[in-house]
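>
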DNA sequence: GCGGAGAAAGTTTTT
DNA sequence: CTTTCTCCGC
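So this is what it looks like as C-alpha cells:
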C-alpha cells in the first residue's frame, strides 16, 4: 500500500508537509484532490493524528464523500470519525450540539432561499412598506451582505438614519433577524455566523474544538468569505502549538466574490499565518497544451493575482473550435450535431461531453436542441430538486413536526391542501399570535379565542388534529414511514394524484424519486434521526445528487457548478459580451474586479476540457421574448489565434457551415429528417469515418399510439403519454420510469416499441 | 375562499 | 417567452 505512489515532487512535498501553516496554490488539473487525500492518509498512517483529530473542509458534499471514500480505500481503515464536509455541514454539526448557548433550541430549522424570501415578504407586509420600492430579492442580498460583514441592524440604521431607503432596509433586516430567532430558524448565512458566535461566546467550546482538531485542511480556499476565514482562524490558532492549517486553492479560480468570497484570504494567507510555507502545483495533468496555453493567455490579463503558469507534457491536441451561430436555437442545434456526430465513434460516449453556460436560463434552448436529435442529457442545478413545490410541501409538514414554532413552514401548509382557510383567517390567527407572542401553531390551540368563519374554524381544527397525530408517529416511526404517513394523512397524496396534467404527473414522479432518496438516506447513514435527515435535505446541493454515473448522458451545467469537474469535450455556450461577461459586471462600481472575476470564470470553464474545446456564440439571442443582438465575448479575443480554428466562423457564404442549411431558414424546422452526418462540414482532424457505435437500432417504420411502451437507448422503458404532429414532425411525450417525462421527435429519437 | 384571467416582472452565478 | 402577482366575479 502506498498512497504516495504517482505523486510528483511538489505534490509529495505538500502531502508530506509536517507541522505549521501551508498554502498550496494548485492550478486547474494539477492533482489537488490527490494531494489532499494523500496528506490525510499520511497523517493517519504515520499516526500523527487519529481520524477524529482531522477536520477537512470541502466545497461540496460530493467532494467530501469522494474524499472519504478515497482515503478509506487508500488505508483500508474506517474514516467515519473524521470530520469531512462543507463549511455549512460542519457548522450545523457544531450548532446541533452547542446552539443552546445562544438561546436557540437545537432542533432549529434551516431556511433555504425560498423560505428566506417568504419571511422577508412577510416582514415587509407587516411593516406596511411598499414591496415595489423594496423588492424582496434585493433586500435578501442586502441582508446577506450586511450579515457577512457583521454589521448589525442597529448599526446600519444609525449609520444611515437620514437616508430613508437604507434606514428602511435596516429596519426590515432587524425585523427579519427577530423573526428568524422567534421561529427558531437559521438561514444559510446564520449557519456559519452562529457557529462562529458559539465559539466566541463560550471559550470552552472553542477550546474543545481547537484541541480536538489537530490538523485542519481547507479546500478551495480562494472561495472562503469573511466568516469562513474567521472560523478557520479561530479553530486553527492553538495554544502553544503551531497552526496545522493546510489550505489548498487557486486565486485564478476564485469565482464566488458575489457571495462574499474574498480573494484576499488566499492572497494574504502568508501574512495571516506566520512562518507559513508556500507550494505551487503548476503541472497540469488534465488538458492538451493547446487548451492550457489558451487558458494561460487569457488569465494573464488579470492584475489581481499571485501569478503562475501551468504547463503540461501532453501534446498539442486539437485546435479550439470557435462556433458562430445565428441565434441560440442554432447554437443548440449545432452543438447537438457535433455530439451526435462524435458519439458515432466507437470510443466516444455521451458522458464525455459537457455543455457549460453562464446562466441557468440558457439551458432550455440547449435542451431542446439535444432532444431534437435524441441525445440523452442531464441538467445539473437550476431549480433544485428539494426546492420543488411538491417536495417542499411534504418537507414543510415534517419540519413543522420537528419545530412547531416555525411560522414560515406553518404558513406553507396550513391551507395545503385547501382547508377553506383563506388569507383573512390566517391574518386572524396571526393577530392572536402577535398579541400573545406565540407561534401560529400555538395560536391554533386556542382556536376558541379566535374569531373565524365556521368553515375555516373546522379547517384549522382538522389541521391541528392531523399534525398532532403525526407528532405521535414522529416518535414511533422510522423516517420512511413517517414521510409516507405525512404524504397520506395530510391529504397531499390525494391532492397530487387528482392532478392529471403533464406537470401533475411529473410531480408524482418527483415525489417517487424523493421517497427513494429517503430510503437511500436511511440505508447510507448511520444516524437516522429526523434532525440529521432534515439537515441532509437542507444542505444537499444539486451537484451532490449526481450519483447516476452509470447512465451515459451529456451533462449541462453552469460554469459555477462545473468547478472541480472535467470532461473530455467541453462546449462553452453563449460567449457574448453582456451575457459572458455578464452585463451586470460592466456597469457597477468595482467594475475592474468584476470583469476579472468573469475572466476567472472563463478560465475555470476552459480548463474543464481535457481534449476538445468548443467556444460558441450567437449573433442573436432571445431574452424575455425579445431579440438581442450579440457580439462575441471579449475573452475570445484574448486567445492567440494560433490556438484557434476560426475556419467556420469566417465562412462568408450563405450557408450555415454546421448544418449545411441556409443561414436564413431555421434549421430546426427544416432538419427534422434523420440527421445525415455527411452534411456536416468538419474541419477537424478527428473527422474519421463514422462507425456504428452499438447495437441499438431504431425501428424504421415506427408507428406509435398513446399508451404504447417504448424502450429508449439511454432512458430505458417508458410509456407514451401523448402524440403531436404527423410523420417526421411527430413528437411523442413519453413518461420514463424514474427518468421523468420527455418530449421527443419520434423519427429521430433512439426509441423502439416493446 | 377560490379559481381564472390578465398584468407585471424576471435572469447572473449557490452553500 | 415563462413564472409569479393581482384583481375580480362567483
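Numbering (the working numbering), first residue to last: 8 to 761. Ideal Cβ placement from N, Cα and C applies to all residues, glycine included. Bear in mind the structure is a predicted one, so any value in this text is a computation, not a measurement.
#1: Please determine, among 645, 402, 237, the residue with the shortest C-alpha to C-alpha distance to residue 538.
#2: In terms of residues, what are the limits of the beta strand (DSSP E) holding residue 61?
#3: Just mark residue 631 as buried or exposed, buried being the case when its beta carbon has 16 or more other beta carbons within 10 Å.
#4: Taking a contact to mean a Cβ-Cβ separation below 8 angstroms, would you say residue 274 touches residue 238 in this structure?
#5: Please report the residue range of the beta strand (DSSP E) in which residue 719 lies.
#6: How long is the line joining the alpha carbons of residue 100 and residue 59, rounded to whole angstroms?
#7: Counting only runs that start and end within the segment 456-526, where is the beta strand (DSSP E) found for 3 or more residues in a row?
#8: Per DSSP, what kind of secondary structure is residue 662 in: helix, strand or coil?
#9: On the DSSP letters alone, give me the boundaries of the beta strand (DSSP E) that residue 574 sits inside.
#10: The beta strand (DSSP E) spanning residue 330 covers which residue range?
#11: Check the C-beta distance from residue 741 over to residue 751 and give it rounded, since I have them as a contact under 8 angstroms.
#12: Measuring straight from C-alpha to C-alpha, what distance separates residue 417 and residue 447?
#13: Please report the residue range of the alpha helix (DSSP H) in which residue 42 lies.
#14: Skipping 5 residues on each side, what residues in its chain have a beta carbon closer than 7 angstroms to that of residue 227?
#15: Where in the segment 105-172 do unbroken runs of the beta strand (DSSP E), each at least 3 residues long, occur, reported from the N-terminal end onward?
#16: Along the alpha helix (DSSP H) that carries residue 542, what are the first and last residues, could you check?
#17: Alpha carbon to alpha carbon, what distance is there between residue 47 and residue 54?
#18: Under the three-state reduction of DSSP, which class applies to residue 344: helix, strand or coil?
#19: Could you tell me whether the Cβ atoms of residue 392 and residue 426 are closer together than 8 angstroms?
#20: Mind checking which residues open and close the alpha helix (DSSP H) that includes residue 207?
#21: Compute the minimum distance between the beta carbon of residue 10 and the heavy atoms of the ligand COA, and state whether it is under 7 angstroms.
#22: What three-state label does DSSP hand residue 623 in the structure shown?
#23: Give me, in chain order, the residues of the same chain whose beta-carbon lies closer than 8 angstroms to that of residue 74; leave out the 5 immediate sequence neighbours on both sides.
#24: Does DSSP put residue 77 in a helix, in a strand, or in coil?
#25: Helix or strand or just coil, what does DSSP make of residue 609?
#26: What runs of the beta strand (DSSP E), each 3 residues or longer, lie entirely inside the segment 276-334?
#27: Please state if the CB of residue 296 and the CB of residue 325 are separated by a distance shorter than 8 angstroms.
#28: Closest to residue 540 by C-alpha separation, out of 110, 93, 114, 27, would be which residue?
#29: Determine the extent of the alpha helix (DSSP H) in which residue 377 is found, giving its start and end residues.
#30: Taking the CB atoms as reference points, tell me whether residue 623 and residue 327 lie closer together than 8 angstroms.
#31: In this structure, does DSSP put residue 339 in helix, strand or coil?
#32: Answer with buried or exposed for residue 157, where buried requires no fewer than 16 other C-beta atoms within 10 angstroms of its C-beta.
#33: Considering just the uninterrupted stretch of the beta strand (DSSP E) at residue 24, what are its terminal residues?
#34: Helix, strand or coil for residue 424? Go by DSSP, reduced to three states.
#35: Do you know offhand how far residue 533's Cα is from residue 52's?
#36: For residue 487, which residues in the same chain have their Cβ closer than 8 angstroms to its Cβ, ignoring the five residues on either side in sequence?
According to the structure data:
#1: For the purposes of this step, residue 538 is taken as residue 531 along the first chain, with counting starting at 1. Residue 402 holds the alpha-carbon nearest to the alpha-carbon of residue 538 among 645, 402, 237.
#2: By 1-based counting over the first chain, the position of residue 61 is 54. It spans 61-65 - the beta strand (DSSP E) in which residue 61 sits, taken as one unbroken run.
#3: The residue labelled residue 631 in the question sits at position 624 within the first chain. Residue 631 should be labelled exposed.
#4: If you number the first chain from 1, residue 274 lands on position 267. If you number the first chain from 1, residue 238 lands on position 231. Going by C-beta atoms, residue 274 is not nearer than 8 angstroms to residue 238.
#5: Within the first chain, residue 719 is the residue found at index 712, counting from 1. From DSSP, the beta strand (DSSP E) with residue 719 extends over 716-719.
#6: One-based indexing of the first chain puts residue 100 at position 93. One-based indexing of the first chain puts residue 59 at position 52. So the two alpha carbons sit approximately 14 angstroms from each other.
#7: none
#8: Taking the first residue of the first chain as position 1, residue 662 is located at position 655. The predicted model places residue 662 with a pLDDT of 46, which falls under 50 and marks its position as unreliable; any figure quoted below should be read in that light. It is a strand residue.
#9: Translated into positions along the first chain, residue 574 becomes position 567. Per DSSP, residue 574 belongs to the beta strand (DSSP E) from 574-579.
#10: Counted from its first residue, the first chain places residue 330 at position 323. Note, residue 330: beta strand (DSSP E), 327-332.
#11: Position 734 of the first chain holds residue 741. Position 744 of the first chain holds residue 751. Rounded, the Cβ-Cβ distance is 6 angstroms, consistent with contact.
#12: Position 410 of the first chain, counted from the first residue, corresponds to residue 417. Position 440 of the first chain, counted from the first residue, corresponds to residue 447. If you take the alpha carbons of residue 417 and residue 447, they lie about 7 angstroms apart.
#13: Here the question's residue 42 lines up with position 35 in the first chain. For residue 42, the uninterrupted alpha helix (DSSP H) run begins and ends at 39-52, by DSSP.
#14: Locating residue 227 in the first chain gives position 220, where the first residue counts as 1. Residues of the same chain with a CB within less than 7 angstroms of the CB of residue 227, apart from the 5 flanking positions on each side, are 66, 256 in chain order.
#15: 116-118
#16: For the purposes of this step, residue 542 is identified with residue 535 of the first chain, where counting begins at 1. Unbroken alpha helix (DSSP H) run through residue 542: 537-546.
#17: In the first chain, residue 54 corresponds to position 47, counting from 1. In the first chain, residue 47 corresponds to position 40, counting from 1. Rounded to whole angstroms, residue 54 to residue 47 spans 11 angstroms at the Cα level.
#18: Here residue 344 is taken as the residue at index 337 of the first chain, counted from 1. Here residue 344 sits in helix by DSSP.
#19: The residue you call residue 392 lines up with position 385 of the first chain. The residue you call residue 426 lines up with position 419 of the first chain. Cβ distance not < 8 angstroms, so residue 392 and residue 426 don't count as in contact.
#20: As a working note, residue 207 is residue 200 in the first chain. Where residue 207 is concerned, the enclosing alpha helix (DSSP H) stretches over 195-208.
#21: Among the components modelled here there is no ligand, and therefore nothing to report on the ligand COA.
#22: The residue you call residue 623 lines up with position 616 of the first chain. Residue 623 falls in the strand class under three-state DSSP.
#23: The residue you call residue 74 lines up with position 67 of the first chain. Once the five neighbours on either side are set aside, the close Cβ partners of residue 74 are 40, 43, 44, 47, 63, 65, 91.
#24: Residue 77 sits at position 70 when you count from the first residue of the first chain. Residue state, collapsed to three classes: helix.
#25: The residue labelled residue 609 in the question sits at position 602 within the first chain. Note: residue 609 maps to helix in three-state DSSP.
#26: DSSP runs (the beta strand (DSSP E)) wholly in the segment 276-334: 284-288, 327-332.
#27: Counted from its first residue, the first chain places residue 325 at position 318. Counted from its first residue, the first chain places residue 296 at position 289. Cβ atoms of residue 325 and residue 296: not closer than 8 angstroms.
#28: Stepping through the first chain from its first residue, residue 540 is reached at position 533. Checking every option, the nearest Cα to that of residue 540 belongs to 114.
#29: Against the first chain, residue 377 aligns to sequence position 370. Residue range 370-379 is occupied by the alpha helix (DSSP H) that includes residue 377.
#30: Your numbering for residue 623 matches position 616 in the first chain. Your numbering for residue 327 matches position 320 in the first chain. Against a cut-off of 8 angstroms, the Cβ pair of residue 327 and residue 623 comes out as no contact.
#31: Along the first chain, read from residue 1 onward, the residue named residue 339 stands at position 332. Helix.
#32: Numbered from its first residue, the first chain carries residue 157 at position 150. By the 10 Å Cβ count, residue 157 comes out exposed.
#33: As a position in the first chain, residue 24 is number 17, starting the count at 1. Run containing residue 24: none; DSSP gives neither H nor E here.
#34: Here residue 424 is taken as the residue at index 417 of the first chain, counted from 1. If DSSP states are grouped into helix, strand and coil, residue 424 belongs with coil.
#35: Locating residue 533 in the first chain gives position 526, where the first residue counts as 1. Locating residue 52 in the first chain gives position 45, where the first residue counts as 1. Taking the straight line joining both Cα atoms gives about 25 angstroms.
#36: Residue mapping note: residue 487 aligns to position 480 of the first chain, counting from 1. Closer than 8 angstroms at Cβ, skipping near neighbours: 522, 525, 526, 529.
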